[in-house]
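A.B. asks: Starting off with a structure, shown below.
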Amino acid sequence: MLGDAALDWPREGALSLKIGRALIAGVEAKQADVNLRLGASGLAIEQLAVADFGGAALAVKGRIGTKAQPPRGALTLDLDARALDGVTAALEKFAPQAADQLRRSAGRLTPLVLRASLAVDPGAPEPPPRLASSRSSAAPAPSASRWKAMRPPPAMPSSSTTSRRSRRRR
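The sequence shown lines up with residues 1 to 170 when you count with my numbering.
The structure is reproduced here in structure tokens:
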């Protein structure tokens, strides 16, 4: 039909999806909301959220700039997991050794609230990529309404913030 014609990737565009239920890497995902933009400056992930991915809610936001070589940018991942079964099953497809380690630790890690930031900046003095995270495994299990809202988990206060607050109350 097209013969020898080659198709080029689009130079810009947008993708917006709202999915009630789907299988992703063999794991059932419920209430997915995706809003991406691709342009001359790069990829912008305005929202990539899944309310329930095998027991975990996740949200990703960020931007990867493609004007410079190598690309630069930052992504933020929020994970609120009452179980890590879905994440482990998906990870098994791409990184079996990491999935095995996660599977062995999952019982000690859940429930889990995690916020991780990945920054890629080749000009930075530190070797890219950098990963910063904060986590609390003592977080209470989220309510059903919180899962449905597909909001990223709230940032956990640092221990220094908590101690300052408790000092003020005394």
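All residues carry an ideal CB built from backbone N, CA and C; glycine is no exception. Since this is a predicted model, take the numbers as computed values, not measurements.
Determine the direct distance from the alpha carbon of Asn35 to that of Arg82, and round the result to whole angstroms.
C.D. replies: Translated into the one-based positions of the sequence shown, residue 82 becomes position 82. Translated into the one-based positions of the sequence shown, residue 35 becomes position 35. Roughly 25 Å separates the two Cα atoms.
A.B. asks: What is the DSSP secondary structure of Glu12, reduced to helix, strand or coil?
C.D. replies: In the sequence shown, counting from the first residue as 1, residue 12 sits at position 12. Coil.
A.B. asks: In its own chain, which residues sit with a C-beta less than 6 Å from the C-beta of Lys18, not counting the 5 before and 5 after it?
C.D. replies: Counted from its first residue, the sequence shown places residue 18 at position 18. Around Lys18: Asp33.
A.B. asks: Can you tell which of Ala59, Glu46 and Thr88 has its C-alpha closest to the C-alpha of Val113?
C.D. replies: Taking the sequence shown and counting its residues from 1, the one referred to as residue 113 is at position 113. With distances taken between Cα atoms, Val113 lies closest to Ala59.
A.B. asks: Quick one: what's got a C-beta closer than 7 Å to Ala22's C-beta in the same chain, skipping five residues either side?
C.D. replies: On the sequence shown, residue 22 is found 22 positions in, with the first residue counted as 1. Correct list, in chain order: Ala29 and Ala32.
A.B. asks: Expressed to the nearest angstrom, what Euclidean distance is found between the alpha-carbon atoms of Glu92 and Pro122?
C.D. replies: Translated into the one-based positions of the sequence shown, residue 92 becomes position 92. Translated into the one-based positions of the sequence shown, residue 122 becomes position 122. So the alpha carbons of these two residues sit roughly 30 Å apart.
A.B. asks: Taking Cβ positions, are Ala74 and Thr88 nearer each other than 8 Å?
C.D. replies: Counted from its first residue, the sequence shown places residue 74 at position 74. Counted from its first residue, the sequence shown places residue 88 at position 88. The answer is no: Cβ separation not under 8 Å.
A.B. asks: Taking the continuous alpha helix (DSSP H) assigned at Gly86, which residues delimit it?
C.D. replies: Start at 1 with the first residue of the sequence shown, and residue 86 comes out as number 86. Its alpha helix (DSSP H) spans residues Asp85 to Phe94.
A.B. asks: According to DSSP, is Asp121 helix, strand or coil?
C.D. replies: Taking the first residue of the sequence shown as position 1, residue 121 is located at position 121. Three-state result, Asp121: coil.
A.B. asks: Going by other Cβ atoms of all chains shown within 10 Å of its Cβ, with 16 needed for buried, is Leu79 buried or exposed?
C.D. replies: Taking the sequence shown and counting its residues from 1, the one referred to as residue 79 is at position 79. Buried: at least 16 other Cβ atoms inside 10 Å.
A.B. asks: State the start and end residues of the unbroken beta strand (DSSP E) segment that holds Gly42.
C.D. replies: Counting from 1 along the sequence shown, the entry for residue 42 is found at position 42. Segment Gly42 to Phe53, the beta strand (DSSP E) holding Gly42.
A.B. asks: According to DSSP, which residues form a beta bridge with Asp78?
C.D. replies: On the sequence shown, position 78 is the one that residue 78 refers to. Answer is Ala59 and Arg115.
A.B. asks: Taking Leu77 as the reference, give the member of Ala51, Gly107 and Lys61 with the closest Cα.
C.D. replies: Reading the sequence shown from its first residue, position 77 is the one you call residue 77. Checking every option, the nearest Cα to that of Leu77 belongs to Lys61.
A.B. asks: Nearest CA to the CA of Leu102: which residue from Gly42, Gly39 and Leu84?
C.D. replies: Taking the sequence shown and counting its residues from 1, one reaches residue 102 at position 102. With distances taken between Cα atoms, Leu102 lies closest to Leu84.
A.B. asks: Give me the residue from Ser41, Ala116, Ala49 and Arg11 with the minimum Cα distance to Ala68.
C.D. replies: Residue 68 sits at position 68 when you count from the first residue of the sequence shown. Checked all of Ser41, Ala116, Ala49 and Arg11; the closest Cα to Ala68 is Ser41.
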